[in-house]
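> Structure below; questions to follow.
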Amino acid sequence: MTFSIVVRSADGGAFGVAVASKFLAVGTAVPAAEIEVGALATQSWANLAYRPQGLTMLRTGTSAADAVAGLTAADPGREHRQLGVVARDGEGATFTGAECQPWAGGVAGDGYAIQGNILTGAEVVDAMRDAWLDGDAGEPVARRLLRALAAGDHAGGDRRGRQSAALLVVRRGGGYGGTSDVEVALRIADHPDPVTELARLLDLHELYFTRPDPATLLALTGELAEEVRERLHALGHPSEAGDPASLDAALARWAGAENLEERLAAGHIDPVVLRMLRG
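Each residue of the sequence shown is one higher than the last, beginning at 69 in the working numbering.
Now the structure itself:
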C-alpha cells in the first residue's frame with residue numbers, strides 16, 4: 069500500500085523517513101525516528117509495535133539488519149509485513165514478507181532503506197534509490213528525502229493511486245526554538261496529489277522555521293536601518309530613530325506576528341525577512 073525511504077544523514081546527526089500511499093494519513097502509522105538512535109518505517113499491514121520495539125533495540129547498538137531480524141522473527145504476521153530500518157551506523161536493512169501484495173520489494177545500502185508494496189513495479193524503489201544517492205550530501209535531509217519520494221511517485225508509485233504522504237526528520241536541537249529534536253514533521257492526510265502538497269508545506273516550513281545563515285545577515289545600520297524603521301512604523305510598529313535596541317524590538321514585534329521569529333538576529337535582518345517586510 070505504500071512506498072517509503074528511511075535514511076541517516078552523511079554526518080550521522082539526523083535520521084528521517086519519507087512515505088506516500090493510497091492510504092488515509094499514512095504518516096500516523098509508518099514512520100518513527102529518534103536522534104542518535106535510528107529510524108524505521110513499518111508498512112503493508114503495518115505492525116505499529118515495530119516502532120517502539122525497533123527504536124528500543126537500536127538504542128542498545130543493535131544493527132539495522134539484526135533489528136529487522138528480531139522484529140520479524142517475533143511476529144506471526146511477518147509474511148504480510150514490510151519494514152525498513154537504519155541504525156546509527158552501517159548498512160540499512162529492508163524486509164518484505166512473502167504475502168505482501170505485488171509489486172513488493174526493497175533496496176538498502178549505507179545509511180538508507182527503501183521499500184514499497186502494491187507498486188507499479190521495481191522502478192519505483194530504483195528511482196528513489198538513485199535520487200537519494202545522486203543527491204548533495206550537504207543539502208538538508210528533508211529536502212533530499214522529498215526529492216527521493218517525488219522520484220518514486222513520478223516513476224509510478226502506488227499502483228492504486230495517491231492519497232497521503234509524510235515527512236519526518238530528527239536532529240538534536242533541530243526543532244522550533246532549539247527546544248525540540250523534531251526538525252521536520254509534516255503530514256498530508258488526504259489529498260489528490262499528496263507529494264506535491266508535501267513539497268508546498270516543506271517550502272513553508274523552511275520559510276518560517278529555518279534559522280538564518282549568519283553569513284547572509286544584513287547589519288541594521290545606515291540607510292537600511294532607516295528603511296526598516298520606516299516600514300515598521302507604517303505597519304504599526306514604531307521605534308526610536310537612532311536607537312538600535314528600539315529598532316530590534318519593533319522588528320521582533322512585527323516578525324513575531326508574522327511567525328518569523330526563528331529568523332531574528334539582534335542588530336541584523338535576514339534577507340528573507342527583509343523581502344517579506346518590503347512585500
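Ideal placement from N, C-alpha and C gives every residue a C-beta, glycine not left out.
Remember, it's a predicted structure, so these values are computed and weren't measured experimentally.
Can you have a look at N327 and say buried or exposed, based on whether 16 or more other CB atoms are within 10 angstroms of its CB?
So N327 ends up on the exposed side.
> Out of E104, T140 and T128, which one is the CA nearest neighbour of A117?
Minimum Cα distance to A117 is reached at T140.
> Thinking C-beta only, is R239 closer than 9 Å to A132?
Not closer than 9 Å, so no.
> Where do the ends of the alpha helix (DSSP H) carrying P339 lie?
Element bounds for P339: P339 to R346.
> In this structure, does DSSP put G243 in helix, strand or coil?
DSSP places G243 in coil when its eight states are reduced to three.
> Select from R212, I337 and R227 the residue whose C-alpha is nearest the C-alpha of A283.
Per the Cα distances, I337.
> If distances are taken between C-alpha atoms only, which option among S89, E207, I186 and H259 comes closest to D79?
Comparing Cα-Cα distances from D79 to each of S89, E207, I186 and H259, the minimum goes to E207.
> Quick one: using the 10 Å Cβ neighbour count with 16 as the cut-off for buried, is T130 buried or exposed?
Flag for T130 reads buried.
> Between which two residues does the beta strand (DSSP E) harbouring V162 extend?
The sequence given here has Thr at residue 162, not Val. Note, T162: beta strand (DSSP E), A161 to T164.
> So the beta strand (DSSP E) F277 belongs to, where does it begin and stop?
Per DSSP, F277 belongs to no beta strand (DSSP E); it is in the alpha helix (DSSP H), P262 to F277.
> For F71, write down the residues that DSSP places opposite it in a beta bridge.
DSSP, once it has assigned bridges, lists A88 and G184 as partnering F71.
> Measuring CA to CA, which of G184, V263, G158 and Y276 is closest to G324?
The option with the nearest alpha carbon to G324 is Y276.
> Which of helix, strand or coil does DSSP assign to H305?
The answer is coil: DSSP assigns H305 none of H, G, I, E or B.
> My guess is that V209 and A233 are in contact by the Cβ rule of under 8 Å, so how many angstroms apart are they, rounded?
Their Cβ separation, rounded to whole angstroms, is 16 Å, which puts V209 and A233 out of contact at 8 Å.
> Provide the residue(s) that pair with P99 in DSSP beta bridges, ordered along the chain.
DSSP, once it has assigned bridges, lists A109 as partnering P99.
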